[in-house]
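Trainee: Could you have a look at this structure, given as structure tokens, before my questions?
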Amino acid sequence: MKRIRQAVVLAGGQGTRLQPLTLTTPKPLIPIHGKPFAEYLVELLKKNGIEEIIFLTGYLAEQFPATLGDGSRWSLTIRYNQTPVEDETGERLCKAAHLLDDDFLLMYGDNYWPLNLSKLLAHHERMGTLATVTAYDRPSTDSKNNMRIEDGMVRMYDKTKKAEGLNAVDIGFLILSKKILEMIPEGNLNFEKTMYPALVAGRKLAGFLTCQPYWSLTSIERFPAIERALKSSRKVLFLDRDGTINKKAPLAEYVPNWSVFEFLPGALDALEELAKRGYEFYIISNQPGIARGMVKEEDLRDIHQRMQEALKKRGVTISGIYYCPHGWDEGCDCRKPNPEMLYQAAREHDIDLTRAYFVGDDERDKEAGDAAGVQTILVPEGIGLAAALPQLP
Ligand SMILES: [Mg+2]
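The opening residue of the sequence shown carries number 42 in my numbering; numbering runs sequentially from there.
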């Protein structure tokens with residue numbers, strides 16, 4: 042497999058939509074929790090083994106080296122290529138040609154997505170294209186969509202977002218071959234507007250679909266979400282329910298009501314301890330007893346309400362409960378080992394899943410957690426959460 046050691050960040054724009062903030066600070070340097078947004082990107086790239094980052098700057102360019110330095114703080118190299126403010130992204134990229142590796146990662150300076158470079162690169166290699174773009178997987182009814190991705194390839198790109206059948210939105214994080222630069226026409230052109238349609242027409246643009254939420258510095262309204270997602274002290278723990286918190290019913294039986302619900306030994310103490318350590322808790326549970334008619338949905342809600350009341354007495358708040366009511370033969374998206382419930386929680390609560398933990402007692406929990414990039418701990422049956430305590434920071 043190829044290795045990608047270089048990342049190129051488009052950071053020259055004026056960020057007019059974020060005025061007045063951007064009158065004095067370029068968008069990628071806007072502080073989130075007192076730290077410039079770009080530093081979160083540098084940390085993300087470092088975690089993915091990137092050794093050199095090139096910021097393509099323009100507007101208020103001098104602030105970048107003054108803020109980020111030469112990268113030695115992160116034990117990597119940061120370089121800057123400053124060009125005129127009015128340069129479009131294609132032009133900025135062409136002017137940096139002398140600095141570029143044969144293959145590199147290109148990203149927007151205002152998008153944070155929990156990058157997994159090796160997964161992205163594996164897709165790029167499998168498709169054998171000159172370029173692979175990352176796109177967020179959305180229902181085809183979503184009006185923000187600007188791409189149609191099928192079988193790993195971008196079939197359509199529509200910047201106007203009006204075409205039928207669009208199923209994803211471009212979030213950057215492209216793997217590019219430097220050869221692409223030779224295909225960019227002369228002139229001051231926008232990279233995606235010019236190159237995506239040309240690459241799609243030549244079947245040279247792969248699309249890596251992700252359900253992993255991303256966060257953009259696009260408008261002030263989105264700042265609280267970005268702050269939640271990037272808060273470094275935040276600790277998130279997903280918990281399976283039956284067999285992890287409470288005693289599991291025998292095989293093919295379910296916990297039908299509160300009278301037979303029983304916390305596992307040590308589970309309450311463990312939750313209390315974890316709450317003191319600052320964790321936020323979310324339950325992720327398969328409840329096929331509903332589909333099978335053995336558990337009533339109202340009884341399930343009653344169990345959860347009483348469970349939360351019992352936990353509250355121990356200082357434990359559950360921030361969200363997600364359950365799949367379907368049977369194992371219904372082919373739904375939500376039943377574990379599918380990761381959909383984890384993605385739903387991540388979307389609704391702005392959780393960076395790659396920094397979260399998941400404790401369960403079943404191989405399906407592990408599969409779901411691995412698919413969503415969550416650090417998953419399996420505990421032995423009958424012991425539950427208490428067994429995971431030493432492994433949780
Ligand atoms: Mg379980």
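Beta carbons are placed, not taken as given, at the ideal position from N, Cα and C, and that holds for glycine.
#1: Using the DSSP secondary-structure output, state which residues sit across from Asp211 in a beta bridge.
#2: Do you know offhand how far Leu426's Cα is from Glu313's?
#3: Could you tell me the distance, in whole angstroms, from the CA atom of Pro77 to the CA atom of Met348?
#4: Using the rule of at least 16 other Cβ atoms within 10 Å of the residue's Cβ for burial, across every protein chain shown, is Thr201 buried or exposed?
#5: Need the endpoints of the alpha helix (DSSP H) that Ala387 sits in, please.
#6: How many whole angstroms separate the CB atoms of Leu97 and Val50, which I take to be in contact at a CB cut-off of 8 Å?
#7: CB Leu246 to CB Thr170, shorter than 8 Å?
#8: Express the C-alpha separation of Tyr153 and Pro254 in angstroms, rounding to a whole number.
#9: Tell me where the alpha helix (DSSP H) around Gly131 begins and ends.
#10: Is Asp192 a contact residue of ligand 1, with contact defined as CB to any heavy atom under 7 Å?
#11: Using only Cβ atoms and a threshold of 5 Å, which residues come within that distance of a heavy atom of ligand 1? Order them by chain position.
#12: In its own chain, which residues sit with a C-beta less than 6 Å from the C-beta of Gln416, not counting the 5 before and 5 after it?
#13: Considering Glu313, what are the terminal residues of the beta strand (DSSP E) in which it resides?
#14: When you compare each of Tyr100, Met148 and Trp299 to Leu82 by their alpha carbons, which one comes out closest?
#15: Where does Asp281 land, buried or exposed, given buried means 16+ other C-beta within 10 angstroms?
#16: Between which two residues does the beta strand (DSSP E) carrying Gln416 extend?
#17: If we count the other Cβ atoms within 10 Å of its Cβ and call it buried at 16 or more, is His165 buried or exposed?
#18: Which residue comes first and which comes last in the alpha helix (DSSP H) that contains Val357?
#19: Verify whether the separation of the beta carbon atoms of Leu419 and Asp402 is less than 8 Å.
#20: Evaluate Ile45 with the Cβ neighbour count: other Cβ atoms within 10 Å of its Cβ, from every protein chain shown; 16 or more gives buried, anything less gives exposed.
#21: Taking C-beta to C-beta, are Glu338 and His74 nearer than 8 Å?
#22: For Leu141, I'd like the list of residues in its chain whose CB is within less than 6 Å of its CB, leaving aside the five on either flank, ordered along the chain.
#23: Put Tyr364 into one of helix, strand or coil per three-state DSSP.
#24: Where does Leu41 land, buried or exposed, given buried means 16+ other C-beta within 10 angstroms?
#25: For Leu292, list the residues DSSP reports as bridge partners.
#26: At which residues does the alpha helix (DSSP H) containing Arg120 begin and terminate?
#27: Should Arg333 go down as buried or exposed, given a rule of 16 or more other Cβ atoms within 10 Å for buried?
#28: Measuring CA to CA, which of Cys375, Leu383 and Glu127 is closest to Asn231?
#29: Contact between the region 373-380 and the region 324-333 is defined here as three or more beta-carbon pairs at a separation below 8 Å; is this criterion met?
#30: Check for me: the beta strand (DSSP E) holding Leu31 runs from which residue to which?
#31: Could you give the C-beta distance for Gly284 and Glu422, rounded to a whole number, given that I count them as a contact under 8 Å?
#32: Helix, strand or coil for Leu141 per DSSP?
Mentor: Walking through what the data contain:
#1: Here residue 211 corresponds to residue number 170 of the sequence shown, with the count starting at 1. According to DSSP, Asp211 bridges with Ala176.
#2: Taking the first residue of the sequence shown as position 1, residue 426 is located at position 385. Taking the first residue of the sequence shown as position 1, residue 313 is located at position 272. Whole-angstrom Cα-Cα distance: 11 Å.
#3: Counting from 1 along the sequence shown, the entry for residue 77 is found at position 36. Counting from 1 along the sequence shown, the entry for residue 348 is found at position 307. When rounded, the distance between both Cα atoms is 41 Å.
#4: Translated into positions along the sequence shown, residue 201 becomes position 160. Per the 10 Å Cβ criterion, exposed.
#5: One-based indexing of the sequence shown puts residue 387 at position 346. Taken as a continuous stretch (DSSP letters only), the alpha helix (DSSP H) holding Ala387 covers Glu381 to His390.
#6: Here residue 97 corresponds to residue number 56 of the sequence shown, with the count starting at 1. Here residue 50 corresponds to residue number 9 of the sequence shown, with the count starting at 1. Going by Cβ atoms, the distance from Leu97 to Val50 rounds to 7 Å, so yes, they are a contact pair.
#7: Taking the first residue of the sequence shown as 1, we reach residue 246 at position 205. Taking the first residue of the sequence shown as 1, we reach residue 170 at position 129. With contacts defined by Cβ atoms closer than 8 Å, Leu246 and Thr170 form a contacting pair.
#8: Mapped onto the sequence shown, residue 254 falls at position 213. Mapped onto the sequence shown, residue 153 falls at position 112. When rounded, the distance between both Cα atoms is 9 Å.
#9: Position 90 of the sequence shown, counted from the start, is the residue given in the question as residue 131. Residues Thr130 to Lys136.
#10: What you label residue 192 is simply residue 151 of the sequence shown in a count that begins at 1. The answer is no for Asp192.
#11: Asp281, Asp283, Gly284, Asp402 and Asp403
#12: Position 375 of the sequence shown holds residue 416. Result list for Gln416: Tyr398, in chain order.
#13: Here residue 313 refers to the residue found at position 272 of the sequence shown. No beta strand (DSSP E) contains Glu313, which is instead part of the alpha helix (DSSP H) from Ala308 to Lys317.
#14: Position 41 of the sequence shown, counted from the first residue, corresponds to residue 82. If we check each option's Cα against that of Leu82, Met148 comes out closest.
#15: Here residue 281 is taken as the residue at index 240 of the sequence shown, counted from 1. Looking at its Cβ environment, which holds 16 or more other Cβ atoms inside 10 Å, Asp281 is buried.
#16: Residue mapping note: residue 416 aligns to position 375 of the sequence shown, counting from 1. Run containing Gln416: Gln416 to Leu419, per the beta strand (DSSP E) assignment.
#17: Mapped onto the sequence shown, residue 165 falls at position 124. His165 comes out buried.
#18: Here residue 357 corresponds to residue number 316 of the sequence shown, with the count starting at 1. Counting along the chain, Val357 falls outside any alpha helix (DSSP H), and DSSP gives it neither H nor E.
#19: For the purposes of this step, residue 419 is identified with residue 378 of the sequence shown, where counting begins at 1. For the purposes of this step, residue 402 is identified with residue 361 of the sequence shown, where counting begins at 1. Yes.
#20: Along the sequence shown, one-based indexing puts residue 45 at 4. Buried, since its Cβ has 16 or more Cβ neighbours within 10 Å.
#21: In the sequence shown, residue 338 corresponds to position 297, counting from 1. In the sequence shown, residue 74 corresponds to position 33, counting from 1. No, Cβ-Cβ distance for Glu338 and His74 is not below 8 Å.
#22: Taking the first residue of the sequence shown as position 1, residue 141 is located at position 100. Excluding sequence neighbours, Leu141 sits near Lys219.
#23: Mapped onto the sequence shown, residue 364 falls at position 323. Here Tyr364 sits in strand by DSSP.
#24: Since the first residue of the chain shown is 42 and the last is 434, residue 41 is not available in this structure.
#25: On the sequence shown, residue 292 is found 251 positions in, with the first residue counted as 1. According to DSSP, Leu292 bridges with nothing at all.
#26: Locating residue 120 in the sequence shown gives position 79, counting from the first residue. It is not in any alpha helix (DSSP H) - Arg120 instead sits in the beta strand (DSSP E) that spans Thr118 to Gln123.
#27: Stepping through the sequence shown from its first residue, residue 333 is reached at position 292. Label assigned to Arg333: exposed.
#28: Against the sequence shown, residue 231 aligns to sequence position 190. When each option's Cα is compared against that of Asn231, the closest is Glu127.
#29: As far as the Cβ criterion goes, the region 373-380 touches the region 324-333, which means the pair count is three or higher.
#30: Residue 31 lies beyond the residue range present for the chain, which begins at 42 and ends at 434; the question has no answer from this structure.
#31: If you number the sequence shown from 1, residue 284 lands on position 243. If you number the sequence shown from 1, residue 422 lands on position 381. At roughly 6 Å, the Cβ-Cβ gap stays under 8 Å, so Gly284 and Glu422 are in contact.
#32: For the purposes of this step, residue 141 is taken as the residue at position 100 of the sequence shown. Residue state, collapsed to three classes: coil.
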